[in-house]
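S.K.: Protein chains in written order, with my numbering: chain Y, 1 to 395; chain P, 396 to 724. Built from N, CA and C at the ideal position, the CB exists for glycine as well. First the structure, which I've put down as structure tokens, then a few questions once you've had a look.
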Amino acid sequence: MLGFLSARQTGLEDPLRLRRAASTRRVLGLELNKDRDVERIHGGGINTLDIEPVEGRYMLSGGSDGVIVLYDLENSSRQPYYTCKAVCSVDRYHPDVHKYSVETVQWYPHDTGMFTSSSFDKTLKVWDTNTLQTADVFNFEETVYSHHMSPVSTKHCLVAVGTRGPKVQLCDLKSGSCSHILQGHRQEILAVSWSPRYDYILATASADSRVKLWDVRRASGCLITLDQHNGEKSQAVESANTAHNGKVNGLCFTSDGLHLLTVGTDNRMRLWNSFNGENTLVNYGKVCNNSKKGLKFTVSCGCSSEFVFVPYGSTVAVYTVYSGEQITMLKGHYKSVDCCVFQSHFQELYSGSRDCNILAWVPSLYEPVPDDDETTKSQLNPAFEDAWSSSDEEG
Amino acid sequence: MLVSASARAPSSTGLRGDKLTPLSSSRLGTYAVSPGLLEGTPGEAVRHCSAPEDPIIRLSSLYLYLFPGIIKSRDMSRKRHRLVSETSGLKRRQKRGPVESDPLRGERGSARAAVSELMQLFPRGLFEDALPPIVLRSQVYSLVPDRTVADRQLKELQEQGEIRIVQLGFDLDAHGIIFTEDYRTRVLKACDGRPYAGAVQKFLASVLPACGDLSFQQDQMTQTFGFRDSEITHLVNAGVLTVRDAGSWWLAVPGAGRFIKYFVKGRQAVLGMVRKAKYRELLLSELLGRRTPAMVRLGLTYHVHDLIGAQLVDCISTTSGTLLRLPET
């Protein structure tokens, strides 16, 4: 580490290298810490978590009880022991609360004044954070499994919504109505994700084992249907291509948008090249997946070798993205984990599970030195210690 | 409410001791094991070493040799340090030791050696030589610990035309690996004198070398290779193609039905042996030492490789050897 610092100082190495090396070391040291806690508000399992991309300070969580809670993750007290408190919440007594379980919440990508939430009650609600009221509601005919808004786009405010029907709907926040529909899947859409690299590229995953990449400006259907066998690419073949051998539950682009990770109920996770749809054949082994709805997993950002954090039963499994090696399994939850998010400023991981807890996994690099009694005594410099004794004899 | 669970799995010392003993394979020659298994990587000098005389440790190092995929299963703390030191550019002095001191690492280099070794385990006599020896992809994973590397090497072998990968019908994930030469000879022998022989020979001559995929499409067959619909029907009757979807077919092995039946029954039987054990776990040495049940026609070692590679059992290294345990989920 000192070598890195002096190399950076003299200009021998790029400053980014030190940052990446330090981030990677911290991610490799993730574990539960008794000093960090998240306040427990939810009465049901936690389905979704999202940390705002602007400062990385506020976190939203949505639960199966329809409650949405906003947490402040920053430790402004000087103590090491810190509980992330809930700033406010949309609880069961709120007039606009979702009737059924909240499946996805997402902050508005450009500031924290707004967030969106979608739920099994067939609605997508747009909330104003400061007043905690709904600014807009989109109603659908089927239950909503997932929604996503593009994190990089400045040209459009489309929210892609995946429902139980086979059509992906794109809702425009500016006009307040659904602007268009993407057809191509045959069963329910379990996950949608915009590319973090291009404004108009969208990936959708469905229960019919297919993952499709779309350019939303194009009228005539999807760009690519991902094929796990990397077979012939021709128009006639598209209908037989499958990305997984079961339902495809989760989608995540890597932070540079060049690769796409998908998980399916065939207990596999696959890494795809998002440019040409090729299966990179990185093998992560068995990634247990019994979820009937979407699984929300996440990728680290800013490390020298990126890591993917996947909920695996009641643990969170950590793999390196490009080589498929399993690093560790983070054990701590009592029931199955449904979602996890990564805070890239401090390299912390937050995971929510069906046991109504959110756990914070914090990098711990150094073993805490146990406090002995001598150290508290010797805090006083011997030069200032009293030299006289209080006994009657001469000292 | 604080959960003080440890995020690191316990690392045992037993298997590590075995791994560090250099070339314990030289001791294995004393057992009545088929020589094909012992000729690991060519060019390795057989050295005499002071391996411990204890037969239990010898037996477990035999299994280490057979199943090197086991070693890396649960040692999480060491992996972390290796990545940390790699990131900060430090190299550990111990890692620069001579490569020959660790014979099991030599296995890592080649999926091809793993495939050849596994082909020896296939019982040819059971099928009266009518079936080419089939090896499963999951068995290769149990011999080559890094799965991504194994997949890439198998893909290379497939592109070079040395092996064919075939979809075995019972599980979409189970792929069978066959040497192209074996496949060709067996298929020709099977269709000898039958009415579809002509179509099959045309298929073997034109399509097999050209297209290394698992499946074939309608327009590919009719336009690129010039097959008529009646010829495609002949191929399906011969068992060379199986229907996948409207207008697309999987490549198949004629007569593989019997193999698949024995395989599925054998897999269930071996899993059942582990399931019926107390606490649903069995030492590998004990499992391999038991009498082969009647349902297992392909051999216990064949099935154990497959179960380990397909992660249907968890491999845990203990002080008495490798333990196979059924996963909780």
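Considering only the alpha carbon of each residue, which of Leu630(P), Ala641(P), Ser533(P), Ala600(P) lies closest to Gln613(P)?
M.R.: Per the Cα distances, Ala641(P).
S.K.: Closer than 8 angstroms, Cβ to Cβ, to anything on chain P: give me those residues from the stretch 271–303 of chain Y, in chain order.
M.R.: Residues passing the 8 angstroms Cβ filter: Leu281, Val282, Asn283, Tyr284, Gly285, Lys286, Cys288, Asn290.
S.K.: Say whether the stretch 196–205 of chain Y touches the stretch 143–160 of chain Y, bearing in mind that this needs 3 or more beta-carbon pairs closer than 8 angstroms, one atom from each stretch.
M.R.: Verdict: yes, contact present.
S.K.: State yes or no: is the C-beta of Thr134(Y) within less than 7 angstroms of the C-beta of Lys125(Y)?
M.R.: Yes, the Cβ-Cβ distance between Thr134(Y) and Lys125(Y) is below 7 angstroms.
S.K.: State yes or no: is the beta carbon of Arg542(P) nearer than 7 angstroms to at least one beta carbon in chain Y?
M.R.: Chain Y, which has a Cβ nearer than 7 angstroms to the Cβ of Arg542(P), makes this yes.
S.K.: Using the three-state DSSP reduction, which class does Tyr82(Y) fall into: helix, strand or coil?
M.R.: Note: Tyr82(Y) maps to strand in three-state DSSP.
S.K.: What would DSSP say about Asp413(P), mapped onto helix, strand or coil?
M.R.: Confidence in Asp413(P) is poor, its pLDDT being 39 and thus under 50, which makes the residue's placement too unreliable to answer from.
S.K.: Could you please give the first and the last residue of the uninterrupted beta strand (DSSP E) stretch that includes Glu676(P)?
M.R.: It spans 676–678 - the beta strand (DSSP E) in which Glu676(P) sits, taken as one unbroken run.
S.K.: Does any residue of chain Y have a CB that is nearer than 7 angstroms to the CB of Gln562(P)?
M.R.: So, not an interface residue.
S.K.: Check whether chain P comes within 7 angstroms of Asn245(Y), counting only Cβ atoms and requiring the distance to be less than that.
M.R.: Interface residue, yes.
S.K.: Could you please give me the residues that DSSP links to Arg270(Y) through a beta bridge?
M.R.: Partner(s): Thr262(Y).
S.K.: Among Gly113(Y), Thr129(Y), Asn139(Y), His110(Y), which has the Cα closest to the Cα of Thr123(Y)?
M.R.: Measuring from the Cα of Thr123(Y), the nearest candidate turns out to be Asn139(Y).
S.K.: Taking His229(Y) as the query, report the chain P residues whose CB atoms sit under 8 angstroms from its CB, ordered along the chain.
M.R.: Neighbours of His229(Y) on chain P, chain order: Asp608, Leu609, Ser610.
S.K.: Here's a check: name, in chain order, each residue in its chain whose Cβ is nearer than 8 angstroms to the Cβ of Leu158(Y), leaving out the five neighbours to either side.
M.R.: Met149, Ser150, Leu170, Cys171, Asp172, Leu173, Ser179, Val216, listed in sequence order.
S.K.: Helix, strand or coil: how does DSSP classify Tyr108(Y) here?
M.R.: The answer is coil: DSSP assigns Tyr108(Y) none of H, G, I, E or B.
S.K.: Compile a chain-ordered list of the residues in the stretch 635–651 of chain P whose CB is closer than 8 angstroms to at least one CB of chain Y.
M.R.: Listed in sequence order: Arg639, Asp640, Gly642, Ser643.
S.K.: Taking a Cβ distance cut-off of 7 angstroms, strictly less, list which residues of the stretch 311–340 of chain Y are near chain P, in chain order.
M.R.: Against chain P - using a Cβ distance shorter than 7 angstroms - the residues of the stretch 311–340 of chain Y are Gly313, Ser323, Gly324, Ile327, Thr328, Leu330, Lys331, Gly332.
S.K.: Between the Cα of Arg639(P) and those of Leu526(P), Ser511(P), Ile560(P), Gly564(P), spot the shortest distance and give me the residue it belongs to.
M.R.: Here the closest residue by C-alpha is Gly564(P).
S.K.: Whose CA, out of Glu188(Y), His156(Y), Ser177(Y), lies closest to the CA of Thr143(Y)?
M.R.: Ranking the options by Cα distance to Thr143(Y), first place goes to Glu188(Y).
S.K.: So, do the stretch 597–617 of chain P and the stretch 549–558 of chain P have three or more beta carbon pairs nearer to each other than 8 angstroms?
M.R.: Yes, they touch.
S.K.: Determine, using beta-carbon pairs with one atom in the stretch 111–123 of chain Y and one in the stretch 5–21 of chain Y, whether at least three such pairs fall under 8 angstroms.
M.R.: The answer is no - the stretch 5–21 of chain Y does not touch the stretch 111–123 of chain Y, with fewer than three Cβ pairs under 8 angstroms.
S.K.: Apply the 10 Å Cβ neighbour rule to Glu551(P) and answer buried if 16 or more other Cβ atoms are within range, or exposed otherwise.
M.R.: Exposed, by the Cβ-count rule.
S.K.: How about Gln618(P): is its C-beta nearer than 7 angstroms to some C-beta of chain Y?
M.R.: No - not a single Cβ of chain Y is within 7 angstroms of the one on Gln618(P).
S.K.: Applying the criterion that 16 or more other CB atoms from any shown protein chain within 10 Å of the CB defines a buried residue, is Gln228(Y) buried or exposed?
M.R.: That one is buried.
S.K.: Under three-state DSSP, which class holds Ile41(Y)?
M.R.: Three-state DSSP puts Ile41(Y) in coil, outside helix and strand.
S.K.: Quick one: give me the first and last residue of the alpha helix (DSSP H) that Phe297(Y) is part of.
M.R.: From DSSP, Phe297(Y) is part of no alpha helix (DSSP H); its letter is neither H nor E.
S.K.: Going by C-alpha to C-alpha distance, which of Leu5(Y), Cys301(Y), Thr265(Y) sits closest to Gly257(Y)?
M.R.: Ranking Leu5(Y), Cys301(Y), Thr265(Y) by Cα distance to Gly257(Y) puts Cys301(Y) first.
S.K.: Alpha carbons only, please: which of Asp701(P), Leu695(P), Leu678(P) is nearest the one belonging to Thr717(P)?
M.R.: Of the listed residues, the one whose Cα sits closest to Thr717(P) is Leu678(P).
S.K.: Residues in its own chain within less than 7 angstroms of Val691(P) by CB, not counting five upstream and five downstream?
M.R.: So the qualifying residues of the chain are Gly661, Ala664, Val665, His698.
S.K.: Using 8 angstroms as the Cβ pair cut-off and three pairs as the minimum, do the stretch 53–61 of chain Y and the stretch 98–109 of chain Y touch?
M.R.: Yes: at least three Cβ pairs fall under 8 angstroms.
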